[in-house]
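Below you'll find the structure, written out as structure tokens, and then a few comments.
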Amino acid sequence: MNTAVVVFPGSNCEHDVVYALETLGGSADLVWHRDTDLSGYDSVVLPGGFAHGDYLRTGAIARFSPVMGEVNRLAAAGAPVLGICNGFQVLCEAGLLPGVLLQNRDLKFICRPIHLRVESTDSILTRAARVGDVLEIPLNSYEGNYTASADEIASIETGGYVPLRYSSSTGTVDTDSNPNGSTNNIAAVSKSNVAGIMPHPERAIEEILGSADGRVLLESFLQSRVAVNV
Amino acid sequence: MSETMPLHQALGMTDDEYGTVCDLLSRPPTEAELAMYSVMWSEHCSYKSSRAFLGRFPTTAPWVVVGPGENAGVVDLGDGWLAALRIESHNHPSFVEPYQGAATGVGGILRDIFTMGARPIALWDQIRFGPLDDPHNRYLLEGVVAGVAGYGNAVGVPTVGGEVAFEECYAGNPLVNVMCLGIMREEQLVLGTAGTPGTIAILLGSSTGRDGIGGASVLASASFDAGSDTKRPTVQVGDPFEEKKLIEACLELYDRGLVVGVQDLGAAGLSCATSEPAARAGTGMDVNLDAVHVREAGMTAAELLMSESQERMMAFVHPSKVDEVLAVASKWEIDASVVGTVTAGDTLRISHNNQVVAELPAASLSEAAPILRRDSGEPFWLEDLWTNTLEYLQPPDITRCLLEILADPSIGDPSWVYEQYDHQLFLNTVVGPGDNGSLLRIKGTNKALAVSTDGNGRQCYLDPMRGGANLVYEAALNVAMLGAKPMAVVDNLNFGNPEKSEVMWQFIETVEGMSQACENLGIPVVGGNVSFYNETDEADIYPTPIVGVLGLADPAPRSVPRLNRAEAGMALWMFGPKNSRNLAGSSFEKIIKGHVGGRPTGADSTTGKAVIELAVALAQNELVPVMHDISDGGAAVTVSEICIASNVGAHLQYSSWIGLFAEAPHRIIAAVPPEHFTAVRRLAEDLGVPVSELGEFGGDRISFDNPVAGATSVSVDKAAEAWRGAIRSRMSH
Amino acid sequence: MADTRTVTVTIRRRPSISDPQGATVARALRDLGHEVTDVRIDKTIELQVPDGDVETIRARVAEMCDRLLANPVMEDYEILVSS
Amino acid sequence: MADTRTVTVTIRRRPSISDPQGATVARALRDLGHEVTDVRIDKTIELQVPDGDVETIRARVAEMCDRLLANPVMEDYEILVSS
Ligand SMILES: Nc1ncnc2c1ncn2[C@@H]1O[C@H](COP(=O)(O)OP(=O)(O)O)[C@@H](O)[C@H]1O
Ligand SMILES: [Mg+2]
Numbered sequence: 001m002n003t004a005v006v007v008f009p010g011s012n013c014e015h016d017v018v019y020a021l022e023t024l025g026g027s028a029d030l031v032w033h034r035d036t037d038l039s040g041y042d043s044v045v046l047p048g049g050f051a052h053g054d055y056l057r058t059g060a061i062a063r064f065s066p067v068m069g070e071v072n073r074l075a076a077a078g079a080p081v082l083g084i085c086n087g088f089q090v091l092c093e094a095g096l097l098p099g100v101l102l103q104n105r106d107l108k109f110i111c112r113p114i115h116l117r118v119e120s121t122d123s124i125l126t127r128a129a130r131v132g133d134v135l136e137i138p139l140n141s142y143e144g145n146y147t148a149s150a151d152e153i154a155s156i157e158t159g160g161y162v163p164l165r166y167s168s169s170t171g172t173v174d175t176d177s178n179p180n181g182s183t184n185n186i187a188a189v190s191k192s193n194v195a196g197i198m199p200h201p202e203r204a205i206e207e208i209l210g211s212a213d214g215r216v217l218l219e220s221f222l223q224s225r226v227a228v229n230v
Numbered sequence: 001m002s003e004t005m006p007l008h009q010a011l012g013m014t015d016d017e018y019g020t021v022c023d024l025l026s027r028p029p030t031e032a033e034l035a036m037y038s039v040m041w042s043e044h045c046s047y048k049s050s051r052a053f054l055g056r057f058p059t060t061a062p063w064v065v066v067g068p069g070e071n072a073g074v075v076d077l078g079d080g081w082l083a084a085l086r087i088e089s090h091n092h093p094s095f096v097e098p099y100q101g102a103a104t105g106v107g108g109i110l111r112d113i114f115t116m117g118a119r120p121i122a123l124w125d126q127i128r129f130g131p132l133d134d135p136h137n138r139y140l141l142e143g144v145v146a147g148v149a150g151y152g153n154a155v156g157v158p159t160v161g162g163e164v165a166f167e168e169c170y171a172g173n174p175l176v177n178v179m180c181l182g183i184m185r186e187e188q189l190v191l192g193t194a195g196t197p198g199t200i201a202i203l204l205g206s207s208t209g210r211d212g213i214g215g216a217s218v219l220a221s222a223s224f225d226a227g228s229d230t231k232r233p234t235v236q237v238g239d240p241f242e243e244k245k246l247i248e249a250c251l252e253l254y255d256r257g258l259v260v261g262v263q264d265l266g267a268a269g270l271s272c273a274t275s276e277p278a279a280r281a282g283t284g285m286d287v288n289l290d291a292v293h294v295r296e297a298g299m300t301a302a303e304l305l306m307s308e309s310q311e312r313m314m315a316f317v318h319p320s321k322v323d324e325v326l327a328v329a330s331k332w333e334i335d336a337s338v339v340g341t342v343t344a345g346d347t348l349r350i351s352h353n354n355q356v357v358a359e360l361p362a363a364s365l366s367e368a369a370p371i372l373r374r375d376s377g378e379p380f381w382l383e384d385l386w387t388n389t390l391e392y393l394q395p396p397d398i399t400r401c402l403l404e405i406l407a408d409p410s411i412g413d414p415s416w417v418y419e420q421y422d423h424q425l426f427l428n429t430v431v432g433p434g435d436n437g438s439l440l441r442i443k444g445t446n447k448a449l450a451v452s453t454d455g456n457g458r459q460c461y462l463d464p465m466r467g468g469a470n471l472v473y474e475a476a477l478n479v480a481m482l483g484a485k486p487m488a489v490v491d492n493l494n495f496g497n498p499e500k501s502e503v504m505w506q507f508i509e510t511v512e513g514m515s516q517a518c519e520n521l522g523i524p525v526v527g528g529n530v531s532f533y534n535e536t537d538e539a540d541i542y543p544t545p546i547v548g549v550l551g552l553a554d555p556a557p558r559s560v561p562r563l564n565r566a567e568a569g570m571a572l573w574m575f576g577p578k579n580s581r582n583l584a585g586s587s588f589e590k591i592i593k594g595h596v597g598g599r600p601t602g603a604d605s606t607t608g609k610a611v612i613e614l615a616v617a618l619a620q621n622e623l624v625p626v627m628h629d630i631s632d633g634g635a636a637v638t639v640s641e642i643c644i645a646s647n648v649g650a651h652l653q654y655s656s657w658i659g660l661f662a663e664a665p666h667r668i669i670a671a672v673p674p675e676h677f678t679a680v681r682r683l684a685e686d687l688g689v690p691v692s693e694l695g696e697f698g699g700d701r702i703s704f705d706n707p708v709a710g711a712t713s714v715s716v717d718k719a720a721e722a723w724r725g726a727i728r729s730r731m732s733h
Numbered sequence: 001m002a003d004t005r006t007v008t009v010t011i012r013r014r015p016s017i018s019d020p021q022g023a024t025v026a027r028a029l030r031d032l033g034h035e036v037t038d039v040r041i042d043k044t045i046e047l048q049v050p051d052g053d054v055e056t057i058r059a060r061v062a063e064m065c066d067r068l069l070a071n072p073v074m075e076d077y078e079i080l081v082s083s
Numbered sequence: 001m002a003d004t005r006t007v008t009v010t011i012r013r014r015p016s017i018s019d020p021q022g023a024t025v026a027r028a029l030r031d032l033g034h035e036v037t038d039v040r041i042d043k044t045i046e047l048q049v050p051d052g053d054v055e056t057i058r059a060r061v062a063e064m065c066d067r068l069l070a071n072p073v074m075e076d077y078e079i080l081v082s083s
């Protein structure tokens, strides 16, 4: 069994995700957004990039891609579904995760390593991590500013749907350690078997590229696969 | 356009050139033909002022697969791998509209690379503006960086390095150059050839509109003056999403062997993409403009032929493969139309509305283009400039000057720029922006590619020949410090108005200086670009060549020298010529004294080569964790940058304060661990490179010590603060 | 093209959702010496659709908005069918 | 805030300048089964400015457009001062 990595026109992190999953012992295939049969897969990643050019709103057009029917079905069947960066935006637009991602507070694209504090291990992204761990992971986005209505934020927080927050290198969560203006420094959102994360764990799996802290997140994802009834 | 002006003049053609066209055709050209000749013979497309001199560059080496003349240079990396590289300017479009000008510059250089069959894997931008205290220059910087980011990030090619500099001469004419590198397996190489008669031409990508008609070519072939506004409607809008699909579609076509040749549509649009491949193949071509997919109704033949609509490619396909090619295009959701057939003979025949509107020898558009031997002469002011030097009676306050230099936007931290660029995509970036150069691994091999791009307009203004040579040595040294052997050069020659004899002189001198350095180092020039007419209201920019050097590390060192690896207890050594005592053209004189004069120190061919060999050997043998060349700002800045990156202090003895700020070439500052002293000394001695033991790293202050003047120091934190704010503080409100 | 009609849709961000772009533009205007108390930046989408009954057109465009053009989590829309 | 006035500025890309975003949205709408022949996406900016003489306000906002809000190379603008 293996992971489907969905390619929308304009995606660009798909090869990196496949490389990372395979480096960690998983197996993954690229699937085109017009594919309508994911029966051979037990998990899905929506990778980063600029699906449909990010035109109109990021993720807005992608969520109508034919493959999304299968993504919904797998999500409903309990298969781990992970959206990274642009993939996170698609999951929000598709209603699989709450909230939206707005332009960064400073209206600039941000590409640099940031720190994330592990808030909970009850997610497909963090089950192999420890609460309080601080991870260094590259952020790479223009629309990474997570927001929702006050009610929704409240239910996200009380529901424990925030596995990772932006923090300082020592784990302090405050305005200074918030790179993009995300509400409550939210860097990832996870609801049972569906999760979205704004920074790129697949860019942090080898020390030679700067950090291997993303391994624990993708290993968590790989470990989360269960026998899904497809 | 004045009512009485003949059409050829309105299109920027001289009467002589018009006469040549009439002679060539033995009749007056049609409107469509005139349009084609005018764009193809523009300075931008024909290199008419520069072509006679570019032949000076050395262009051959056993590893050169494709030299200048094709869309990009291609070199052999061994084991079946090839690299394609090219650099382009988008200076004028970026002044008119900074975001779109820079964005379409990125789009254009990418097409040059994937036209060759290579996947573009990285970009570098070299950008220059007037001083940041002028809001307009801030607006230009903001827009250009956003444009590079907006296009490069979205198209999915990382921008892994570049340069940013500020100087008064660029205020009316910013420079925006972009370099691209691609890699491929050798069987994927494709050339811009039309193939044999019967081959079908298929136009792929965006629809053709009126946007950018005469844009890049006309803009880049004329100077700015008060009337520039009238050129404004020619702004082209980039669509990175379309380009991304086009890249993937083309790479699939190459993978499946479905094309005979490919040509991108850049400046001169369809005129170029039909005539050049036919000329290269020695064929003719029938082209049907009615088949071109268009964005606007009612375009004339001339407009269709001149349009510079972005994100288009012409594929040449065997008739039996046409359906497969159209299917690939449809899979990637791009438009495609069959627009032509390659014919025997040499006639390019173009029809529109079922009538032949142009019929001319295909090769005449490129090969019969005029070659000018413009007047050149040493500027009358040069001698005065050389003798205009400063005398220093008193040593300055070294740390105060250092802080001021570190806080200068041309010297300080460029991360405000590069943090807006995705510089990690593809998981190849071992060394990204913010170091000596960039190092990209090739996954699945032990190889890594190093690139550095460098320019120094002020030095080239003071002495174009020395400046040109020094740049090649600097870029090659940056690559060498990453453990890579320099192997090829691309260059972008940004100059003023070639109709002025001193500009042509600067141009010829620069080419000579660069050529000498390339010959000495054995690295060929495999491609480049010339941008003339960089002037505003008669004032030319400094002659500003940009050099990009590609190097190969095979195998790549496991642990690459970096600026941030200095530790307390390591020795601070300098490799290279001692006792540099020349501040001509230096950042010190510019920033502290507001002075530009004197004659910069030139290259030393023996030492220059030896220092590069030493750097490769030190990196390959992992003997020193830190190397950084002495360039802008001198040794004081080089040491400070290491201290800031490593967060450690340094103690340095100097004999003359001038030596701290001099920018003479071929010098490296290194952090040397005690256990490697002997090996490092022996290596330097074997190569004949002088070693100066200047001090050591440690503590939290950067201190400069002299037997007479005593010690002066500044904390690393304070230096870092000055350096970090150089651009950032000026760009945030 | 006598038989198409222009429909203009204005997409507005809900007041409860922050508008970093508007805030930045307001700041920039004030830096330039202009007095502005608030700036909102919205999107207008101009569509050419087949002509027909105004209410039918409006309903069709509303469907486009609900499905694609607006994000119900953060945006409201307003449809204007040209006469 | 009785003494502020709402000014709406519509910023339109010139017709000759291509609009890849509009073209992509048009394609997406057609994929969803809607009939549209053309889509253009523009910006509206709503400003709250101190109240006063309408012509003075208009002139001030025109200056903001010229200096910051619109890109003179690619865009036209239209100012509507609310009554
Ligand atoms: N415009 C830019 N885009 C991307 N990277 C840049 C840019 N300007 C500077 N950099 C990066 O910052 C680092 C320092 O630049 P620079 O001071 O010019 O280096 P050097 O003096 O060693 O040539 C380099 O790694 C360079 O790639
Ligand atoms: Mg430099």
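Chains as they are written, first to last, in the numbering used here: chain A, 1 to 230; chain B, 1 to 733; chain C, 1 to 83; chain D, 1 to 83. Cβ atoms here follow ideal geometry from the backbone N, Cα and C, with glycine treated the same way. Computed from a predicted model, the values in this text were never measured in an experiment.
Note the first and the last residue of the continuous beta strand (DSSP E) segment covering residue i.
i	result
L80 of chain C	E75 to V81
H628 of chain B	V626 to D629
Can residue i and residue j be called in contact, C-beta distance under 7 angstroms?
i	j	result
A278 of chain B	L191 of chain B	no
A77 of chain A	L96 of chain A	no
R225 of chain A	S27 of chain A	no
L46 of chain A	V90 of chain A	yes
W416 of chain B	I702 of chain B	no
G735 of chain B	V178 of chain B	Residue coverage of chain B in this structure runs from 1 to 733, which leaves residue 735 of chain B outside it and unanswerable.
Consult DSSP for residue i and reduce its assignment to one of helix, strand or coil.
i	result
R232 of chain B	Reliability fails at R232 of chain B, whose pLDDT of 33 lies under 50, so the model's placement of it is uncertain and the value that follows must be treated cautiously. It is helical.
D346 of chain B	coil
D225 of chain B	Note on D225 of chain B: pLDDT 46, under 50, position unreliable in the model; the coordinate value appears next. Coil, per DSSP.
Y161 of chain A	coil
E693 of chain B	strand
D490 of chain B	It should be noted that the sequence gives Val, not Asp, for residue 490 of chain B. In the structure shown, V490 of chain B sits in a strand (DSSP, three-state: E or B).
From the DSSP output, read off the bridge partner residues of residue i.
i	result
C111 of chain A	A:N140
V44 of chain A	A:A4 and A:V81
I156 of chain A	The partner list for I156 of chain A (beta bridge, DSSP) is empty, contrary to what the question assumes.
Q653 of chain B	B:D705
Could you spell out the range, first to last residue, of the alpha helix (DSSP H) harbouring residue i?
i	result
D264 of chain B	No alpha helix (DSSP H) holds D264 of chain B; the beta strand (DSSP E) holding it covers G261 to D264.
Inter-stretch contact at 8 angstroms, needing at least 3 Cβ pairs: the segment 4-15 of chain D / the segment 33-46 of chain D: These segments touch.
Three or more C-beta pairs below 8 angstroms linking the segment 498-506 of chain B and the segment 373-382 of chain B: yes
Segment contact flag, the segment 41-57 of chain B with the segment 286-297 of chain B, C-beta cutoff 8 angstroms, min 3 pairs: no
Touch test, the segment 673-686 of chain B against the segment 617-632 of chain B, Cβ-Cβ under 8 angstroms, three pairs minimum: yes
Cβ contact check for the segment 78-86 of chain B and the segment 131-148 of chain B: 3 or more pairs under 8 angstroms: Inter-segment contact for the segment 78-86 of chain B and the segment 131-148 of chain B is absent: fewer than three beta-carbon pairs are separated by less than 8 angstroms.
The segment 147-157 of chain A contacting the segment 709-722 of chain B, beta-carbon criterion three pairs below 8 angstroms: no
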